[in-house]
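*Asks:* Chains as they are written, first to last, in our numbering: chain F, 1 to 618; chain X, 1001 to 1491; chain H, 2001 to 2301; chain Y, 3001 to 3119. No residue lacks a Cβ here, since even glycine has one placed at the ideal position from N, Cα and C.
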Amino acid sequence: MNLSIILAIAFGGALLTYFSGKISKKARDVLAVLISLVIAVILAFFYNTSSREIFYTGFLDFPLILRIDTFSWFFAFTIAVIGSFSIIFSLSYIRKKGNTDYYYTMMLLVIASMIGIILSGDLVSFYIFWEIMSWSTFLLISYNRGPAIAAGIKYIIMSVTGSVAMLVGIISLYSHYGTVIYTELSGLLYNASSGYTIFIFVLFFIALGIKNAIWPLHVWLPPAHSEAPSPFSAVLSGTLIKIGTYGIILLIYVIVKINVFLNLGEGIVSARYIIAVTGAITILIPTFIALLQDDAKRLLAWSTIAQAGYIILGIAYGTSESVASGMFHFFNHAIFKALLFMVVGAVEYRTNGVRDLNSLGGLIKKMPVTFVGGLIGICGLIGVPLTNGFVSKWLIYKTLIINNSPFLAFAALLGTWGTILYSYKLLHNMFLGQLPEKYEKLERAPFSMQLPIVILSLAIILFGILPGLPLKVINSIESGFGLEPLTINIWGITSDTGTINMLNLFVAVFLIGIMIWLIFKGSKKSAGIGQYDNYAAGTTVPKNKYHYSVDFYGPLHRMISPYLRDFIDDFYMSLARSIKNLGNGIRRIYTGDVGYYAIYIMLFLALLIFIQIKWKLW
Amino acid sequence: MVNPILLIVIPLGLAFVVPLFRFISKKIEKFIPFFALLANLIISLTLFPHVLEKPIHVSIGGFLPPLGINLVAGPLGILFAMLIALVGFLVSIYAFAYIKEKDQEKYHILYLLLLTGATGVVLTGDIFNLFVFFEILCISSYSLVAYFGDKPGIESAVKYLIQGAVGSSLVLIGIGLLYGQFGTLNMADIASNIHSVHSISVFIPLVLLITGFGVEAAIFPLNAWLPDAHSSAPSSISAILSGIAIEVGLYAIVRVVFTLFGASSILTFLLFLGVITLLIGELCAFNQENIKRMLAYSSIGQIGLIVFALSIGSLSGINGGLFQLVSHTLSKALLFLAAGYMIFRSGSMNISSFEGMGKKMPYTSFAFTIGAFSIVGLPPFIGFPGKFMILKAALFEQDILFTILVFLILLATIIEGAYFFRVVQTIYFKGEKSTPGQEREIAPLSVLIPVFIFVGLIVVIGIYPKLITEILESSASELLNRADYIKNILP
Amino acid sequence: MVMTTILEIIFIILLAGIIGLFFLGLSRKIMARIHWRYGPPITQPLIDIIKLFNQTSMSHGFLFNFGIIFSLAGSVVVLLFLPFGRICPLSDSGGLLVILYLMLIAPLGLALSGGEAANPYTSIGISRKLLLAFGYELPLLLILLTVMTHYNTISIVEIVNKQFQAGWSFQHLSLLLPGIAYILILPAILGFRPFELIQAPQEISSGPMAEYSGKFLALTTIQHAFNIFISISLFTNLFLGGAANPGYFFLKILAVFVIFLFANAVFPRFRIEQAIKYLWRWPSILAFAGLIIVLITGKNF
Amino acid sequence: MNFLSEYIYYIGAFSLIFIGLFIVLAKKNLIKVIIGLSIVDTGINLFLITLGYIRGGTAPVFSKPGLKAENMVDPVPQALVLTAIVIGVAVLALALTLAIKLYKHYGTLNLRKIKEQKW
């Protein structure tokens, strides 16, 4: 099987979907799902193989290369799977809206270009697919119109900013070493001056950091994630920002190599430490901002930034446990964040676009499957033991504590407690509490929405109990990077400094749960009563008058909100405004008076003569 | 082998025949540019392989080079001739539906003259001849800008004319000074003797020529006519002006600087000038509400980028510059054509009037989007290899100055991205989702065909840049090896 | 092997429950005596529970039931991670970090359960409970981090073992400060005065528990008992060197509990903002100071 | 004095050019500006002619024996001037046409007031 075939299917399929939509709606839906599934299935067969091929020689003097190894397989496969689930989820979500052909085409194009990025074996093809991904994403973010337009423009400007910086980095590497192929570049920076290495690092990090939404490059993410169509938010949050993660791993562990990276600078001013601290800040600030959000998707968007912080922290910290945790958390986050966006999407779909947390509530009775999905999703997000998120977070805490970085560990842990607060708010305000009367007749989510929700929920539990499955893959990636592999069992990790055994824990929790359930069942049966049949200390609770979820964390909100404006966003906006003003000012040189224009010509002539007289240029 | 002089003769001859055809049928006149340029396109394509082997020169009237006027069809000349014929041809198709006036023979005459002038400039080997063709180009573009006879058109034409006339006066003085010193007008001849005289006496004509041609090439601060003219001309003419006229001006500068004077020391100055032009163009475009003005300022920016690339002075730099020039010609022509028809439909040049165009004119909007992406330099469109090559050339200098300039260029790219993406969003995502009154009105075929040929070229060359890199490389080496150029003409 | 483990588990759960309930009873007795009352008998909580199990209860639905089971299961599982004397059935399943996480299952379960009802008091109570948890977690995290960094391990068994070798943690200044901080936040963890604001019977009619009746109330009481046991024995294990056998361990935690009761009997109730501000100030500063000292003096092991 | 007589035509030519340019730069009225352009043109033509002029030279035609090439005026500038005059006339005509149209639209020829196309 050829790697270029995957890309051909992905890109060709995207275009084909568009044209098939002109013929038959059904055929298009089937085709879109089929293509995304086929890509995932083909990729699955590449497990544990490694190959490399030149797929195109027509681009200037650069042979474009595709390669696959465990590292890229892991990312590509995750992306393909999440992508196909999102497309399945879209089937009913997007039906109500217009431009369906366009939607599917762009969605497939985004997925295809992401897989292209992952599979590319040199920086030029990496960049080409990267840009294709950027603009196709841009075209999809604004799909919903209204506020989505500002979100789209913010996204694309930041994205272009990043990618031009990266382009300079790529070309600079090429001009220094004469190659852009990973395998040839790998380790070459060992002999470079640290100044040059830092230069390359900064350039790449602008691009990768923007994609990965590292603070302070995150400002595009909250509006983009919250305004995009929900299945696409799942792709954005679950996979697209992870392309940034992939790039960072690629940069640090494949191109620069771990030994150079760890020796870049010393102590607190080392590259490793600075990036890790940035990761920690990325955890803390967005977590607290997420607490203040009232829009379900915006809350999830901020949470995405925070979780990306864990990933960066793990990857940059550079011990084999931390890198494993970074990659594992990438995988977990892809699953549970996609799931959560789908849950919100399902609610949004049934309530006709309501995602304001203050006007929902009590939907558990109406959408139980979706609720369970949401519950498992937030458990994964928090990292409740027995969900996948726990193991990756445990790993990062552990390695930070053992390696004497308690402050980073503190940031990570505190972020988790913030996560509990906002994710419970999300769940509570949507599904618990009082059901507004207008939603009395709400139906369950359609099957095409429930299916991915259920599968992803099961995946969270499965990888929570048996973390060894993904960790095995991660372990072999790590040995490829020259890191010491972990000792892994199917149920967890063994090491001298702390062992984790999820299966033990599962059995314990399960048995104790059964025991308590038996006691509960065995004792006197309780009478079922309606939701509004409440004890209210002698008064009555009026129906539909109060919404208890409003201002759920009011006291905390009042305390911290003055400190948590998104100053970075304000800064960027004022930058944009000043560029605009500058442009408006400069425009005035074209006064409209032709006399001035003639004077400009003469002045130019005079300038040339002056320069010659002054400096004797030629 | 075809004589390259046909490239000039056919459009020139047919231009004056246009009124005669009116006696046969009024409908036929609009097809004359079409056929003339088709012929040109075919001729230049057949010449193309020959030229790559050895430049062709034709001595007019049998007078040998230093004395007589000669045509030089080198790779660079043919590259430009091909571009001119191609863009002219496609725009002439566009004009079938776009130019609707009853008496349109003037349009076609002037159109053909404009392209004759442009082709003449790029093919001639004689400096005064170059000036003459340049004047033909300029005069016809002044009148074409005013073609609609409306208020902005006339005003812009007058301003364009005044600045253009000042510019060409300077050129003519420069040519006179050169002739006074060398006693010859043949470019190869002047070039071979240029270092035999004192530098100050060469410097004055050089400055005059750069300034004079710079007006047409729209280098800052000589470009004040451009936004006015581009925005008030008929869109087909805007496409030609932006896609051909300023490129030809640039050709003239490049010819003068590289071949005629071999003045590599002025390149440092042009480097900065290019970056400044780029930044100012993009900044002015940033907050522009008038779509055609925005595109015009963007052209200024692109010209700045091309000037920058050419002034790097290395083979790869010139290569990149020429690639960017081709890319800009195709993309900007496409943008003006697509925007032109949308303006035609919406009746306003305000960007906000494009709201909902994505639904109303899906194909045109699509084409506009491709053009915008290409200009910004996104793969897999033609703008990307261009920008890539320029950055590569600049960074290969491994000089801190170049790194700084590259960052300024990239800053401009970001600004450029910002305003183009804003328009794309306006087209697709702004406005009411679907109002019943706004039915789909697909543009006529004669608009869609050229537009989509442009789209095709942009995508194909974007994906497979090797298609044109060969001719670009030989053009670039033609520019850099003046000795070869001189030897070819004066054996 | 498996058999002993299962026996250990059952032993610990039963014992912890009994000790927890005893402490609950004891606390009421001692409080009463401080207030110059006679007070209920020490077995009163047990009697209450038995009585409650026999009463009719009302349920709002599946999640209402599930939440309470989930919450209690979370608390019980924590027990298996804490060394009780030398007994610790799940010693190598993740250590202190897992305990930290499992401790949040209890409030989360209660919150979920309460969310099923449409009672405003419940909502307010949950909100307060989560916020208070957030408030005390900050110092708690610092305290645990200090201990873990000091001993350079995340295993609580290891920590206890190291204290056997080198004496109680309280002997080191760097751990004394976090120890004091722990005592300061203990009432917040347990919802005792002055952090009664979650239940606040006069104000929001028992908050999250407003809707509970019969066996639900019984289960929450049991859970409360477990919580007391957990938080006190966590302190004992971390700072007072644990114990070599369960009997000695019991004496230690009893002592800690009684001292703690006397210390807290005199406070009024905080508002939630005041509570968070308080928790983020003094205990956090103390714990933070400890952490800094640990980092400066370097690891002891 | 000798200098003056040697360079009188050049001085004259460049004076005309600068006068013309000054008019273009400084005058508000479009017609005046056009006149200025015309003066510049004239100056350039004079300049070109002067380039090939030899004092006392003859027409560059071998009409009678004994004529040497050194004594003939250079014919090339004359050809150039002829072309330049034609171009100049074309520009002038176009400019005047446009001026008429402009006046119809604006009712004025004051270039300082015709500023609709700007920025």
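Keeping to the same chain, check which residues put their C-beta closer than 6 Å to that of A1218 of chain X; ignore five residues upstream and five downstream.
*Replies:* Within the second sequence, numbered from 1, the residue matching residue 1218 of chain X stands at position 218. Taken in chain order, the residues that qualify are L1226, I1246, I1300, I1303.
*Asks:* Counting C-beta neighbours from all protein chains within 10 Å, is the total for Q2165 of chain H 16 or more, i.e. buried, or is it exposed?
*Replies:* Taking the third sequence and counting its residues from 1, one reaches residue 2165 of chain H at position 165. With fewer than 16 Cβ atoms within 10 Å of its Cβ, Q2165 of chain H is classed as exposed.
*Asks:* Could you give the distance in angstroms between the alpha-carbon of L1445 of chain X and the alpha-carbon of A1296 of chain X?
*Replies:* Here residue 1445 of chain X refers to the residue found at position 445 when the second sequence is read from its first residue. Here residue 1296 of chain X refers to the residue found at position 296 when the second sequence is read from its first residue. Whole-angstrom Cα-Cα distance: 26 Å.
*Asks:* Anyone know if the C-beta pair for E131 of chain F and L1391 of chain X falls short of 8 Å?
*Replies:* As a working note, residue 131 of chain F is residue 131 in the first sequence. As a working note, residue 1391 of chain X is residue 391 in the second sequence. Against a cut-off of 8 Å, the Cβ pair of L1391 of chain X and E131 of chain F comes out as no contact.
*Asks:* In its own chain, which residues sit with a C-beta less than 6 Å from the C-beta of K3028 of chain Y, not counting the 5 before and 5 after it?
*Replies:* Position 28 of the fourth sequence, counting from 1, holds the residue named residue 3028 of chain Y. Excluding residues within five positions, the ones whose Cβ falls inside 6 Å are N3110, L3111, R3112.
*Asks:* Taking the DSSP output, what are the residues bridged to E1053 of chain X?
*Replies:* For the purposes of this step, residue 1053 of chain X is taken as the residue at position 53 of the second sequence. Per DSSP, none; premise fails for E1053 of chain X.
*Asks:* Going straight from the alpha carbon of Y190 of chain F to that of L427 of chain F, what length do you get?
*Replies:* Numbered from its first residue, the first sequence carries residue 190 of chain F at position 190. Numbered from its first residue, the first sequence carries residue 427 of chain F at position 427. Using only the alpha carbons, I get a separation of about 49 Å.
*Asks:* I1099 of chain X by DSSP, collapsed to three states: which one?
*Replies:* If you number the second sequence from 1, residue 1099 of chain X lands on position 99. Coil, per DSSP.
*Asks:* Would I613 of chain F be called buried (16 or more neighbouring beta carbons within 10 Å of its own) or exposed?
*Replies:* Along the first sequence, one-based indexing puts residue 613 of chain F at 613. Flag for I613 of chain F reads exposed.
*Asks:* Could you check the C-alpha separation between V168 of chain F and Y1341 of chain X for me, to the nearest Å?
*Replies:* Position 168 of the first sequence, counted from the first residue, corresponds to residue 168 of chain F. Position 341 of the second sequence, counted from the first residue, corresponds to residue 1341 of chain X. One C-alpha to the other measures close to 37 Å.
*Asks:* Relative to the C-alpha of G1013 of chain X, which residue among X:I1109, X:A1339, X:G1214, X:G1249 is closest?
*Replies:* For the purposes of this step, residue 1013 of chain X is taken as the residue at position 13 of the second sequence. Per the Cα distances, X:I1109.
*Asks:* Can you find the residues in the same chain that come closer than 6 Å, C-beta to C-beta, to V372 of chain F, ignoring five residues on each side of it along the sequence?
*Replies:* What you label residue 372 of chain F is simply residue 372 of the first sequence in a count that begins at 1. There are no such residues.
*Asks:* So which of X:I1173, X:V1145, X:I1175 has the shortest CA-CA distance to L1161 of chain X?
*Replies:* As a first step, residue 1161 of chain X must be located in the second sequence, where it is residue number 161. For L1161 of chain X, the nearest C-alpha among the options comes from X:V1145.
*Asks:* Would R1440 of chain X be called buried (16 or more neighbouring beta carbons within 10 Å of its own) or exposed?
*Replies:* Residue 1440 of chain X sits at position 440 when you count from the first residue of the second sequence. So R1440 of chain X ends up on the exposed side.
*Asks:* Cα separation between S325 of chain F and Y349 of chain F?
*Replies:* By one-based count along the first sequence, residue 325 of chain F stands at place 325. By one-based count along the first sequence, residue 349 of chain F stands at place 349. Looking at the two C-alpha atoms, the distance is approximately 34 Å.
*Asks:* Taking Y1428 of chain X as the query, report the chain Y residues whose CB atoms sit under 8 Å from its CB, ordered along the chain.
*Replies:* Here residue 1428 of chain X is taken as the residue at index 428 of the second sequence, counted from 1. By Cβ distance, chain Y contributes nothing, its closest Cβ being about 27 Å from Y1428 of chain X, past 8 Å.
*Asks:* Quick check on this structure: which residue in F:S113, F:W491, F:A338, F:A527 has the alpha carbon closest to the alpha carbon of G12 of chain F?
*Replies:* Reading the first sequence from its first residue, position 12 is the one you call residue 12 of chain F. If we check each option's Cα against that of G12 of chain F, F:S113 comes out closest.
*Asks:* I'd like to check one pair, L3102 of chain Y with V1158 of chain X: are the Cβ atoms closer than 8 Å?
*Replies:* Position 158 of the second sequence, counting from 1, holds the residue named residue 1158 of chain X. Position 102 of the fourth sequence, counting from 1, holds the residue named residue 3102 of chain Y. The answer is yes: Cβ separation under 8 Å.
*Asks:* Would M559 of chain F pass as an interface residue toward chain H - the criterion being a Cβ-Cβ separation below 8 Å?
*Replies:* Against the first sequence, residue 559 of chain F aligns to sequence position 559. With 8 Å as the cut-off, M559 of chain F counts as an interface residue toward chain H.
*Asks:* Considering only residues of the same chain and omitting the five flanking positions on each side of R444 of chain F, which have a CB-CB separation below 6 Å?
*Replies:* The sequence position of residue 444 of chain F within the first sequence is 444, counting from 1. So the list reads M367, once near-sequence residues are dropped.
*Asks:* With a threshold of 8 Å between beta carbons, is L3112 of chain Y in contact with chain F?
*Replies:* Within the fourth sequence, residue 3112 of chain Y is the residue found at index 112, counting from 1. For the sequence presented, residue 3112 of chain Y should be read as Arg rather than Leu. It does: the Cβ of R3112 of chain Y has a partner Cβ on chain F nearer than 8 Å.
*Asks:* On the DSSP letters alone, give me the boundaries of the alpha helix (DSSP H) that L1490 of chain X sits inside.
*Replies:* Numbered from its first residue, the second sequence carries residue 1490 of chain X at position 490. Element bounds for L1490 of chain X: n/a, residue is neither H nor E.
*Asks:* Can you tell me which of the three DSSP states D122 of chain F falls into?
*Replies:* Translated into positions along the first sequence, residue 122 of chain F becomes position 122. Note: D122 of chain F maps to strand in three-state DSSP.
*Asks:* Please classify I1442 of chain X: is it buried, with 16 or more other beta-carbons within 10 angstroms of its beta-carbon, or exposed?
*Replies:* Here residue 1442 of chain X corresponds to residue number 442 of the second sequence, with the count starting at 1. Looking at its Cβ environment, which holds fewer than 16 other Cβ atoms inside 10 Å, I1442 of chain X is exposed.
*Asks:* Can you tell me which of the three DSSP states S1025 of chain X falls into?
*Replies:* What you label residue 1025 of chain X is simply residue 25 of the second sequence in a count that begins at 1. The answer is coil: DSSP assigns S1025 of chain X none of H, G, I, E or B.
*Asks:* Output needed in chain order: residues of the region 1060 to 1084 of chain X with a Cβ under 8 Å from some Cβ in chain F.
*Replies:* Those would be none; no residue qualifies.
*Asks:* Write down the C-beta distance between L2240 of chain H and I2154 of chain H rounded to the nearest angstrom, noting that I regard them as a contact closer than 8 Å.
*Replies:* Reading the third sequence from its first residue, position 240 is the one you call residue 2240 of chain H. Reading the third sequence from its first residue, position 154 is the one you call residue 2154 of chain H. Incorrect: roughly 20 Å between the Cβ atoms, too far for contact.
*Asks:* Would you say G1347 of chain X faces chain Y, with C-beta separation under 8 Å as the test?
*Replies:* Taking the first residue of the second sequence as 1, we reach residue 1347 of chain X at position 347. No, its Cβ sits nowhere closer than 8 Å to a Cβ of chain Y.
*Asks:* Between which two residues does the beta strand (DSSP E) holding S50 of chain F run?
*Replies:* Here residue 50 of chain F refers to the residue found at position 50 of the first sequence. Segment: none, S50 of chain F is in no beta strand (DSSP E) and carries neither H nor E.
*Asks:* If you pair each beta-carbon of the region 1328 to 1336 of chain X with each one of the region 1262 to 1278 of chain X, do three or more pairs fall below 8 Å?
*Replies:* No contact exists between the region 1328 to 1336 of chain X and the region 1262 to 1278 of chain X.
*Asks:* Would you mind reading off the limits of the alpha helix (DSSP H) that contains I488 of chain F?
*Replies:* In the first sequence, the residue the question calls residue 488 of chain F occupies position 488. Where I488 of chain F is concerned, there is no enclosing alpha helix (DSSP H), although the beta strand (DSSP E) it sits in stretches over 487 to 489.
*Asks:* Less than 8 Å between CB atoms is the rule here; does I2154 of chain H satisfy it with respect to chain F?
*Replies:* Here the question's residue 2154 of chain H lines up with position 154 in the third sequence. Chain F contact via Cβ: present.
*Asks:* N2300 of chain H to A2073 of chain H, Cα distance in whole Å?
*Replies:* Counting from 1 along the third sequence, the entry for residue 2300 of chain H is found at position 300. Counting from 1 along the third sequence, the entry for residue 2073 of chain H is found at position 73. The predicted position of N2300 of chain H is uncertain, since its pLDDT is 48 and thus under 50; a value taken from the coordinates is nonetheless stated next. Straight-line Cα distance between these residues: approximately 36 Å.
*Asks:* Hey, how far is the Cα of S3015 of chain Y from the Cα of I3039 of chain Y?
*Replies:* If you number the fourth sequence from 1, residue 3015 of chain Y lands on position 15. If you number the fourth sequence from 1, residue 3039 of chain Y lands on position 39. Using only the alpha carbons, I get a separation of about 10 Å.
*Asks:* Say whether the region 1423 to 1431 of chain X touches the region 143 to 154 of chain F, bearing in mind that this needs 3 or more beta-carbon pairs closer than 8 Å, one atom from each stretch.
*Replies:* Because the criterion of three Cβ pairs below 8 Å is met, the region 1423 to 1431 of chain X and the region 143 to 154 of chain F touch.
*Asks:* Helix or strand or just coil, what does DSSP make of R67 of chain F?
*Replies:* Position 67 of the first sequence, counting from 1, holds the residue named residue 67 of chain F. Reduced to three states, the DSSP call for R67 of chain F is strand.
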